[in-house]
Amino acid sequence: MPNTLAHIGIQGPLNSLFGKGTSPQWMLLGCIIPDIPWILQRILKLVPGIDPYTLRLYSLNQASLFFCLFMAAALALSTRRTLHIFLLLSLNCLLHLFLDATQIKWANGVQLMVPFSWSMLRFDWFWPEHLSYNTATMAGLLFLAFNWRKIAATDLEIARPTAGKTTIILCLLLFYSAGPFLFFKQALAADNHFCRTLMGQSERVGKNIELDRVLFSSETKSVRPFSGKTFSLHGPLPDTSGLISVQGYFIASNTIQVARYHQHNQYRAMTTSLGLLLIAALWVHSLALRSRTK
6 MPNTLAHIGI
16 QGPLNSLFGK
26 GTSPQWMLLG
36 CIIPDIPWIL
46 QRILKLVPGI
56 DPYTLRLYSL
66 NQASLFFCLF
76 MAAALALSTR
86 RTLHIFLLLS
96 LNCLLHLFLD
106 ATQIKWANGV
116 QLMVPFSWSM
126 LRFDWFWPEH
136 LSYNTATMAG
146 LLFLAFNWRK
156 IAATDLEIAR
166 PTAGKTTIIL
176 CLLLFYSAGP
186 FLFFKQALAA
196 DNHFCRTLMG
206 QSERVGKNIE
216 LDRVLFSSET
226 KSVRPFSGKT
236 FSLHGPLPDT
246 SGLISVQGYF
256 IASNTIQVAR
266 YHQHNQYRAM
276 TTSLGLLLIA
286 ALWVHSLALR
296 SRTK
């Protein structure tokens, strides 16, 4: 998926086309709602005892457009213009997912049709390091720099929800949090992120496998994906350690014959973190200005 700044660089100007009533702070939140499950996954991976496959399938389901809409609805109910904010958040979730689908991300994709289909949409146009995404990243920084004061001063339209709305918000958040567990079997059956292939140790030989952005050791010629298990690699490989994506097939239960690989840089992780920090800072600035005017 493009880094957060790249999303802002594309989605920010697109939202500006809709005129003055686009509530830019909420647009920025819409840019990151589909990433919330993956942010939580990074945190929960540090907790001992959590099954990595369960965590991955949970995050996959929660990152689908279906569950993004539940989060969007919960957030929108805390505002004065509920329908407007809901549509704004939903549109930006959809834009986010379509932008994610433009990247070449082996073993990956976006889910737009859950709970009716678990097939993953993937256009495979550009690698994450492509010039187009670097340009969008710079555009994101410029968009925030030139519009910071105006965005921060825009009315957040936050309103204290009624008791009825509060109940609905809690129900929506409950389903957003617990609902992904209901669809584990479907996500596993679809072998999304090759979870079923990786789980079936005795049945791996001969099966195709794709790994996205895994840490590669040039010394041991091995990778360690989200499952936490190490796999040896045979075939064409980079000379230096780092993040790589891999396509190949299992020639033994823990050995992959590499057909193709792509070496990544660390740039995306840094720009994503910076983008998230800037969005958080902008919201804090907006809330501070709001408290002063009360």
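Sequential numbering of the sequence shown, starting at 6, is according to our numbering. Built from N, CA and C at the ideal position, the CB exists for glycine as well. Quick caveat: nothing in here was measured; it's all calculated off a predicted structure.
- Counting other Cβ atoms within 10 Å of its Cβ, Gln67 reaches 16 or more and is therefore classed as buried.
- Looking from the CA of Leu104, the closest CA among Arg201, Met204, Asp217 and Leu10 belongs to Leu10.
- Comparing alpha-carbon positions, the option among Ser246, Gly211, Lys234 and Arg297 lying closest to Lys226 turns out to be Ser246.
- Closest in C-alpha terms to Gln271, from the list Leu80, Gln252 and Pro133, comes Pro133.
- If you draw a straight line from the Cα of Leu100 to the Cα of Gln16, it comes to about 7 angstroms.
- Val119 sits in coil when the DSSP states are folded into three classes, being neither helix nor strand.
- One alpha carbon belongs to Thr142, the other to Phe188, and they sit about 34 angstroms apart.
- Gln268 and Gly169 have their alpha carbons spaced roughly 52 angstroms apart.
- The shortest C-alpha to C-alpha distance from Leu94 to any of Leu74, Ala106, Arg85 and Trp111 is the one to Leu74.
- Per the Cβ contact rule, the stretch 121-137 is not in contact with the stretch 231-248 (fewer than 3 Cβ pairs under 8 angstroms).
- Nearest C-alpha to Pro18 among Gly253, Arg295 and Ala144: Ala144.
- According to the DSSP assignment, Leu187 belongs to no beta strand (DSSP E), since it is labelled neither H nor E.
- Leu238: member of the beta strand (DSSP E) spanning Phe236 to His239, first to last residue.
- The beta strand (DSSP E) runs of length 3 or more contained entirely in the stretch 197-226 are, from start to end of the chain, 213-222.
- Here the alpha carbons of Tyr58 and Leu65 stand approximately 10 angstroms from one another.
- The Cβ-Cβ distance between Ala293 and Ile174 does not fall below 8 angstroms.
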